[in-house]
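Down below is the structure, laid out as structure tokens.
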Amino acid sequence: MPKTHEWKTFAQWAKTYGDCVYVNILGQPIVILDSFAAANDLLNQRSAIYATRPYLPMADLALFPLAIPLSPYSARFLRLRRLIHKELTGISLQKYWPLYEDESRSLIKKVLR
């Protein structure tokens with residue numbers, strides 16, 4: 439593996455082996471994607487298979503499995519993310535405007551003191 443201009447080597451590998459190349463360097467697995475189509479396929483179309491968060495045993499002990507940012511990619515995570523997105527965007531966000539205004543006023547008062 440060259441120490442500089444790695445992309446040149448990656449481009450050559452892509453010509454030889456295809457758009458998706460797997461290498462294992464000193465025990466570190468690396469997947470090299472050389473085209474938008476390959477990247478889109480693996481990272482968007484098949485993300486449910488390949489993308490997840492690492493398991494954090496201490497987070498489980500501290501009841502953080504209930505925390506969405508620490509949840510593994512699953513059907514439960516997708517449901518929660520959809521619910522949060524629905525509540526924090528668009529028209530449903532308008533119900534929070536009075537709270538935003540109150541908190542903004544409070545912040546301005548504290549800053550001006």
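Residue 439 is where the sequence shown starts when you use our numbering, and the numbers rise one by one after that.
Note that CB positions come from ideal geometry on N, CA and C, so glycine has one too.
Just curious, the alpha helix (DSSP H) that residue i is in, first and last residue?
| i | result |
| --- | --- |
| L518 | A513 to E525 |
| S509 | Per DSSP, S509 belongs to no alpha helix (DSSP H) and is neither H nor E. |
| T454 | E444 to Y455 |
| I487 | S485 to Y488 |
| N478 | F474 to N478 |
| S542 | W535 to L550 |
| A505 | Careful: A505 lies outside any alpha helix (DSSP H) and carries neither H nor E. |
Quick check on the DSSP output: the beta strand (DSSP E) that includes residue i runs from which residue to which?
| i | result |
| --- | --- |
| I463 | C458 to I463 |
| Q466 | Q466 to L471 |
Shortest alpha-carbon distance to residue i belongs to which of the options?
| i | options | result |
| --- | --- | --- |
| Y455 | V549, W445, D472 and Q466 | D472 |
| L464 | D479, M439 and E444 | M439 |
Taking Cβ positions, are residue i and residue j nearer each other than 8 Å?
| i | j | result |
| --- | --- | --- |
| L592 | I529 | The question about residue 592 has no answer here: the residues shown for the chain are numbered 439 through 551. |
| A476 | D457 | yes |
Return the chain-ordered list of same chain residues with a C-beta closer than 6 Å to the C-beta of residue i, the five sequence neighbours on each side being excluded.
| i | result |
| --- | --- |
| V461 | I468 |
For residue i, I'd like the list of residues in its chain whose CB is within less than 7 Å of its CB, leaving aside the five on either flank, ordered along the chain.
| i | result |
| --- | --- |
| K547 | none |
Leaving aside the five residues before and after residue i along the sequence, list all residues of the same chain whose C-beta is less than 8 Å from its C-beta, in chain order.
| i | result |
| --- | --- |
| L480 | C458, V469, L471 and Y488 |
Open item on the list: For the pair the region 510-529 and the region 473-490, tell me if three or more CB-CB distances fall below 8 Å.
Closed with: Contact between the region 510-529 and the region 473-490 is present, because at least three Cβ pairs lie under 8 Å.
Task: the region 439-454 contacting the region 463-481, beta-carbon criterion three pairs below 8 Å - done: yes
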